[in-house]
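Before any comments, here is the structure.
This is the structure in structure tokens:
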């Protein structure tokens, strides 16, 4: 491990001496940034008078000297750890203290023309130095005996904690602190009356009043959505894994369609189908004489749209968990004279609890953080996410109110998180071990199978109808009014001048930008999410519960708040990212990471720790064990993380709308702009192209990830054999 520390320290010194410490005008993907930044390396800046950068270089050099002057390993590791942490602390302090306008803190101590001139945000050189110091510290910490001496585990923990601190806690704190803001400063006493007001927590609807508070509305909607999506996701997963249904491939496509759709499109399709003047409403009104109603607007409409939107997330989490239930346990149950219902009720279902709990948690959080569906269909049913949105972008902006509502939303998330932990308890749900397992999964009993078909197939048919309407809307002049057939929307959006081989469509730039950013963000999201899941399931360390909850923060807060908090945090030094493609990649990674975390936890909970122990006993380290043993058994979780992160990076609108720029415009921002201008046909045509693109990408990901093989053959007992 001494060699590893030396390599990181040398990399850090090279970054300090050769790379630009501050940001340059050229982006990282433009090679000229190196040439333009040579004159502003950390070393050159120190000699130019920016003495406050010196501690980082000194820390790297001193740590390097320690590697050759101290022979006792533990003492050397401890000294290196202290030196590296001191270097990181100085980097953070100088970055926060001095901004472009000069000193922001310690103004009485920091004087002089060079300091008053300020400094730009940290660049490539500073980033390399920070990473080198971080890994030098974590590897040294493992050398000193922490984390059972496993450098891979300790370094992964340190990296993820640092990333979560910088890109989750740091921006979120910027906006949550506004909850305590008053005219002449900050006040804790004025916060509590506003937080516990009846507008937020009122229970008036339970005693005949017009409505409850927005937090109670959100809680009720979240619980109902979490239960509904988990139930639907489980029925689809059971059909895929425990039946011989012939159209599984078509059903698989229909289950993932809702998550590959821009948010407002589903709401618009539902309005045109089930609204007061919708196609289905008109049909039943004419045929049966039913009165046209506005049932779609309000709680039931939002609930309907959220079930349609978020069921695929539950399915992606649950299908791997259902597949992971060992056939040997089900066969043992049947050997003891249990029928198929008893086997499912008392053996299979309890082993699926991690998946059920995580699917519910994701559905609940998605529901209370969703603002697209309530915005379109909510009407008089107010929830936290829409109130936060209007508090930020309304005619009278009220950041303090938005922050208070965001804290209320976080309190609901924390409650759901703790309830999930209590329900799961400390029981073991491991069913996949190193032992041979070639049995047959028990088929569903006739009543349960018929129930699954009765629930899932009509839902899939409804999904097909909704998406048929979307495709239909892209080929008519004005959806809902003028249904004359036309290709004009596609030509205008994605036109090509074949004579000059030039792309003439107005949507091409945002389309390619979106695909590029999403393709970069998806694997990073899966990597961070699944690495976090591995640490939470397989490792023990101080503060693990707090760490697990912190990974859910960016997912629990509405994208509107995340977008504003990123602007507030990263629009000035020490980290300036506003207007760049990097900020879009980062917000996608940490906004969507929790799906990879929850899916990974659900799947990894089924993997017996004896697999890890056997690998380590045979001489493999933790990294090799993860790569050769754990990852091949995590196929569904990997596919879920990649699929979800890729499509949400394309379809996300709430956070993106604040972070896009003229140079880096995203598809959803472009679509929202067209909708605001009344160009519905163009917006629908663009959405249809995105849907086809994402379907192709999902099929490609399926081929690349492959199918998880838990046994020689995955078979389901025939009904006759199980009788």
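In my numbering, the protein residues as written are 3 to 725.
We put the beta carbon where it would ideally sit given N, CA and C, even for glycine.
All figures in this text were calculated on a predicted structure; none of them were measured in a lab.
Could you give the DSSP three-state label for residue i: helix, strand or coil?
{"i": "residue 498", "result": "strand"}
{"i": "residue 486", "result": "strand"}
{"i": "residue 100", "result": "strand"}
{"i": "residue 294", "result": "coil"}
{"i": "residue 187", "result": "strand"}
{"i": "residue 726", "result": "The requested residue 726 does not occur in the structure, where the chain is confined to residues 3 to 725."}
{"i": "residue 5", "result": "helix"}
{"i": "residue 542", "result": "coil"}
{"i": "residue 620", "result": "coil"}
{"i": "residue 106", "result": "coil"}
{"i": "residue 398", "result": "coil"}
{"i": "residue 420", "result": "helix"}
{"i": "residue 43", "result": "strand"}
{"i": "residue 16", "result": "helix"}
{"i": "residue 573", "result": "strand"}
{"i": "residue 124", "result": "strand"}
{"i": "residue 560", "result": "coil"}
{"i": "residue 609", "result": "strand"}
{"i": "residue 161", "result": "helix"}
{"i": "residue 135", "result": "helix"}
{"i": "residue 64", "result": "helix"}
{"i": "residue 21", "result": "coil"}
{"i": "residue 532", "result": "helix"}
{"i": "residue 446", "result": "coil"}
{"i": "residue 505", "result": "strand"}
{"i": "residue 354", "result": "coil"}
{"i": "residue 385", "result": "coil"}
{"i": "residue 52", "result": "coil"}
Please tell me whether residue i and residue j are closer than 9 Å, where the distance is taken between their beta carbons.
{"i": "residue 102", "j": "residue 132", "result": "no"}
{"i": "residue 128", "j": "residue 23", "result": "yes"}
{"i": "residue 1", "j": "residue 238", "result": "There is simply no residue 1 to check, as the chain begins at 3 and stops at 725 in what is shown."}
{"i": "residue 673", "j": "residue 258", "result": "no"}
{"i": "residue 1", "j": "residue 549", "result": "With the chain covering only 3 through 725, there is no way to say anything about residue 1."}
{"i": "residue 586", "j": "residue 662", "result": "yes"}
{"i": "residue 221", "j": "residue 414", "result": "yes"}
{"i": "residue 639", "j": "residue 468", "result": "no"}
{"i": "residue 324", "j": "residue 243", "result": "yes"}
{"i": "residue 126", "j": "residue 17", "result": "yes"}
{"i": "residue 419", "j": "residue 554", "result": "yes"}
{"i": "residue 95", "j": "residue 104", "result": "no"}
{"i": "residue 369", "j": "residue 601", "result": "no"}
{"i": "residue 326", "j": "residue 704", "result": "no"}
{"i": "residue 598", "j": "residue 530", "result": "yes"}
{"i": "residue 357", "j": "residue 683", "result": "no"}
{"i": "residue 164", "j": "residue 7", "result": "no"}
Could you give the C-beta distance for residue i and residue j, rounded to a whole number, given that I count them as a contact under 8 Å?
{"i": "residue 406", "j": "residue 197", "result": "5 Å"}
{"i": "residue 559", "j": "residue 404", "result": "At roughly 10 Å, the Cβ-Cβ gap does not stay under 8 Å, so residue 559 and residue 404 are not in contact."}
{"i": "residue 410", "j": "residue 386", "result": "6 Å"}
{"i": "residue 152", "j": "residue 583", "result": "Wrong, their Cβ atoms sit about 35 Å apart, outside the cutoff."}
{"i": "residue 310", "j": "residue 268", "result": "6 Å"}
{"i": "residue 626", "j": "residue 653", "result": "So it is not a contact: roughly 37 Å between Cβ atoms."}
{"i": "residue 365", "j": "residue 321", "result": "With a Cβ gap of about 15 Å, residue 365 and residue 321 do not count as contacting."}
{"i": "residue 256", "j": "residue 465", "result": "5 Å"}
{"i": "residue 136", "j": "residue 62", "result": "Actually they do not touch by this definition, with Cβ atoms about 12 Å apart."}
Could you check whether the Cβ of residue i sits closer than 9 Å to any Cβ belonging to chain D?
{"i": "residue 159", "result": "The chain labelled as chain D is not found in the depicted structure, where only one protein chain is given."}
Quick one: is residue i buried, meaning 16 or more other Cβ sit within 10 Å of its Cβ, or exposed?
{"i": "residue 150", "result": "exposed"}
{"i": "residue 470", "result": "exposed"}
{"i": "residue 389", "result": "buried"}
{"i": "residue 596", "result": "buried"}
{"i": "residue 119", "result": "exposed"}
{"i": "residue 666", "result": "buried"}
{"i": "residue 375", "result": "buried"}
{"i": "residue 487", "result": "exposed"}
{"i": "residue 592", "result": "buried"}
{"i": "residue 156", "result": "buried"}
{"i": "residue 491", "result": "buried"}
{"i": "residue 57", "result": "buried"}
Is any heavy atom of the ligand FMN found at a distance shorter than 8 Å from the C-beta of residue i?
{"i": "residue 52", "result": "No copy of the ligand FMN occurs in the structure displayed, which carries no ligand at all."}
Which complete alpha helix (DSSP H) runs does the stretch 657-701 hold, if anything under 4 residues is left out?
658-661 and 669-678
Please specify which runs of the beta strand (DSSP E), each continuous and at least 3 residues long, are wholly inside the stretch 455-484, giving them in chain order.
478-480
Could you name each continuous alpha helix (DSSP H) segment of 4 residues or more that falls completely within the stretch 209-289, going from the start of the chain to the end?
216-244, 250-258 and 265-276
Start-end ranges of the alpha helix (DSSP H) lying completely within the stretch 626-656, minimum 4 residues
637-653
What are the complete alpha helix (DSSP H) segments, minimum 4 residues, inside the stretch 295-349?
301-326, 329-337 and 342-345
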